[in-house]
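Chemist: Residue numbers (the numbering used here): 87 to 220.
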Ligand code: ZN
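(1) Can you give me the C-alpha to C-alpha distance between residue 187 and residue 193, rounded to a whole angstrom?
(2) Would you give the residue range spanned by the alpha helix (DSSP H) that residue 106 belongs to?
(3) In three-state DSSP terms, what is residue 195?
(4) Which residues share a DSSP beta bridge with residue 131?
(5) Is the Cβ-Cβ distance between residue 208 and residue 95 less than 8 Å?
(6) Which residues bound the beta strand (DSSP E) around residue 152?
(7) Using the Cα positions of residue 93 and residue 170, report the straight-line distance between them to the nearest angstrom.
(8) In the DSSP assignment, what residue or residues form a beta bridge with residue 211?
(9) If you follow the beta strand (DSSP E) that residue 120 is in, where does it begin and where does it stop?
(10) Count the other CB atoms, across all protein chains shown, that sit within 10 Å of the CB of residue 200; report buried if there are 16 or more and exposed otherwise.
(11) Would a C-beta distance cut-off of 8 Å place residue 203 and residue 173 closer than the cut-off?
This is how it looks when you write it as structure tokens:
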């Protein structure tokens, strides 16, 4: 089963918790044992699993900005001025995460959440979720 969720972001840099959307699709699928593969279809977004705590999310944003600052003479900026967004997506994040499913539930640690990072918003983004029995 392949599902798609739309994420409408409202800021240039935004982190969105999509754990609830994924769990809802797992329940709807009826699959009890398997994996959920979550994949973002964009080159200036990323996915990661961590704690959804406002101070930590602010720390992540600030450190990303320090590690890969905006507009410091990147080649790609000649095209559309968002090289920093592509670089943060490819060097600091991944386009996918995989979560095991047991007894119809995502198996995540107590503080783990599936987080979508918008790195070049605001935009409407598409994330694919494949739920597999295995
Ligand atoms: Zn670009």
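The beta carbon of each residue, even a glycine, is placed where N, CA and C say it ideally should be. Just so we're clear, the structure is a prediction, and the values are computed from it rather than from any experiment.
Modeler: The answer reads as follows:
(1) 6 Å
(2) 105-115
(3) coil
(4) 204
(5) yes
(6) Unbroken run through residue 152 is the alpha helix (DSSP H), 140-153; no beta strand (DSSP E).
(7) 21 Å
(8) 93
(9) 120-126
(10) buried
(11) no
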